[in-house]
Amino acid sequence: MTGCCQLVALTCLAFVWTAMAAVDIDAALRQLRAQLGSAEPPQWPSPTFGGPVIPPPDWTGVVNAAARARSDELDRQRQTIADAHRAVGPLTQSAAQIVASARTQLDAVIAQWQTDKAALSAVAATPAGKAAVLQAGSIRVSQANAIVAQAHTQFATLAGQVSSLTGQLPASTDGHVRAVDFTHGPLPLAPGPDPGYPVNDVIAEATDLDGNHVILRRGYYDARTREGFGWDKIYWKHGLINPNVFRDLISHARPKTSKGGTLEYEVPINKTHCTSGAFGLFPDCTDTGESLTMRIVVNTNPSSDVPGGGQKGVITMYPLPGGSGVVEVEPRWTLTPPWVNNYAPLN
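So the sequence shown is residues -21 to -1, 1 to 326, counted in mature numbering (1 follows the signal peptide of the UniProt record, and there is no 0).
This is the structure we're talking about:
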C-alpha cells in the first residue's frame, strides 16, 4: 500500500512539475510576444517642402545677387530634404512589414505550443510525457527567440540605413540653417584609410565555381566622399550585414565578366518562407516570388597596398535596382533589403 501511495505521489509531483514548466514556457512566450507590441505602425507622412523663393523684382545690385544666392541655397537644401524623405519612406514600409511578419510568425509558434500541450496532455504525468513537453516547449521558445532576434537585427539594419540617408541633411545651428560640413561636423560612418586602420584584415573568403579564390577584406568607407572598398563599404553604404551571404553567393557562382583581373558577378537570390513540422522537424519551404540580383565586383590582381602583394579582393557588393525590397537612393547607390541578411545558404 505504501508503495502505491508513493507511486501516486510521485506521479502527482511529476504532473505538477510539468505543469509548472509549461507555465514558465507560456510566460516566456508572452514576454517575447510583448517585445513586438500590438499597436499599428504609424503611416509615413507626405509633407510638402514649399516652392522656390523669388527675390522681389525691384531689388538690384549686391542685394539682388545675395538674395538670389540665398534662395538658390534654400532650394538645394529643400531638395536634399525631399530626396531623403522619399528614400526613407520605403524603409518605414519595410519596418511595418517586419513587425507584421514577426507578429504573425510568433503567433503561429504560440498556437503550435498550445497544440503541443493539448496533444501531450494525456501522457504529461509520465516521465516520457514530461520530457516530451519540455522538449516541445524548448523548441517553441527557441523558435520565438529566433523570430524576435531576427526582427531586432532587421530593425538595426534599417536604423543604420536611415542614419546613412539623414546624416547628410542640412542642420540647424544657433537659429541659422547650414549644410552639413563633414570636415567640422559629423564624422564618417566608418574610419577612413588612416595608417592604423585594419584595412587589409580578412573578413571572409570563398572560391567560385571556376576556381577563382576571392577575399573579402575589411576595407574602409568614407561617407563624405563615398569612397572605399571591401566590407566597410558594403556594410555602411549598402546595408549588407551578413558576410555569410558573400560566401554562399561566390561559392555558387561564376563571373559574368572577367577582364584584367577584375571579376564581376551578378547572382540571383530568391526569397523563401519556411515553416517547421511537429517539434521543429521536416521544414517546409516555399518560394515567395520575391527576388533580387546581387552584383559583386572583385579585384584579384596583386596589390602593393596588401602585405605580401595579395589581392585587394572585393571592391563592392550591392543589389541591383528593381529587386524586391531594394531601395535606390540615387543612381549607383542601392540599399540591401533586410530579408537578404537572413538569406538561407543554397547548399
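Even for Gly, the Cβ is constructed at its ideal location relative to N, Cα and C.
The structure presented is a predicted model; accordingly, all values stated were derived computationally and were not measured.
Selection from Ala61, Ala130, Gln114 that minimises the alpha carbon distance to Ala74 = Nearest in C-alpha terms to Ala74, of all of Ala61, Ala130, Gln114, is Ala130.
Sequence-distant residues of the same chain with beta carbon closer than 7 Å to Leu70, five excluded per side = Result list for Leu70: Leu137, Gln140, Val141, Val306, in chain order.
Sort Pro20, Val246, Ser117 by Cα distance to His231 and report the nearest one.
-> The residue among Pro20, Val246, Ser117 with its C-alpha nearest the C-alpha of His231 is Val246.
Might you give, ordered along the chain, the residues of its own chain that have their beta carbon closer than 6 Å to the beta carbon of Leu219, omitting 5 neighbours on each side?
-> Only Ile213, Thr315 meet the Cβ criterion.
Based on the DSSP secondary-structure assignment, which residues constitute the bridge partners of Lys238?
-> Note: Lys238 sits in a beta bridge opposite Thr241.
List the whole-angstrom C-beta distance separating Gly207 from Leu195, where the pair is believed to meet the contact cut-off of C-beta under 8 Å.
-> A Cβ-Cβ distance of about 13 Å is found for the pair Gly207 and Leu195, leaving them out of contact under the 8 Å criterion.
Specify, as a first and last residue, the run of the alpha helix (DSSP H) that residue 335 falls within.
-> The chain is shown from -21 up to 326; residue 335 falls before or after that span and cannot be answered.
In three-state DSSP terms, what is Ile89?
-> Here Ile89 sits in helix by DSSP.
Is the beta carbon of Val277 sitting closer than 8 Å to the one on Gly289?
-> Not closer than 8 Å, so no.
Using a beta-carbon distance below 8 Å, is Asp54 in contact with chain D?
-> Structure shown: chain D not included; a single protein chain is present.
Exposed or buried, what is Gly287 when buried is set at 16 or more other beta-carbons lying within 10 Å of its beta-carbon?
-> Taking a 10 Å sphere around the C-beta of Gly287, we find fewer than 16 other C-beta atoms and assign the residue as exposed.
Note down the Cα distance separating Trp312 from Ala107, rounded to an integer number of angstroms.
-> The alpha-carbon of Trp312 is positioned some 57 Å away from that of Ala107.
Please determine, among Arg233, Pro174, Cys264, Leu228, the residue with the shortest C-alpha to C-alpha distance to Pro298.
-> Per the Cα distances, Leu228.
Simplified DSSP assignment, three categories, for His192 | DSSP, read as helix, strand or coil, puts His192 in strand.
Contacts around Gly116, its chain only, beta-carbon distance under 6 Å, and the 5 residues preceding and following it disregarded = Cβ within range, chain order: Ile4.
For Gln93 and Glu184, the rounded distance between their alpha carbons = Rounded to the nearest whole angstrom, the C-alpha separation of Glu184 and Gln93 is 44 Å.
Beta bridge counterpart(s) of Gln290 as assigned by DSSP = Pro281, per the DSSP bridge assignment.
DSSP three-state call for Ser270: helix, strand or coil?
-> Residue state, collapsed to three classes: strand.
In terms of alpha-carbon separation, which member of Val127, Ser25, Arg49, Arg119 lies closest to Asp62?
-> Taking only the C-alpha atoms, the option nearest Asp62 is Ser25.
Identify which residue in Val120, Gln56, Asn179, Gln14 has its Cα closest to the Cα of Asp284.
-> Nearest option by C-alpha distance: Asn179.
Can you have a look at Arg157 and say buried or exposed, based on whether 16 or more other CB atoms are within 10 angstroms of its CB?
-> Note on Arg157: pLDDT 36, under 50, position unreliable in the model; no value is reported.
Reduced DSSP secondary structure (H/G/I, E/B, other) of His64 = Here His64 sits in helix by DSSP.
Could you tell me which of Gln14, Ser237, Ile275 sits nearest to Arg82, measuring between CA atoms?
-> It is Gln14 whose Cα lies nearest to the Cα of Arg82.
State the DSSP-derived secondary structure class of Ala115, mapped to helix, strand or coil.
-> In the structure shown, the three-state DSSP call for Ala115 is helix.
Which word fits Asp189, buried or exposed, when buried means at least 16 other C-beta atoms lie within 10 angstroms of its C-beta?
-> With fewer than 16 other Cβ atoms from the protein chains shown falling within 10 Å of its own Cβ, Asp189 counts as exposed.
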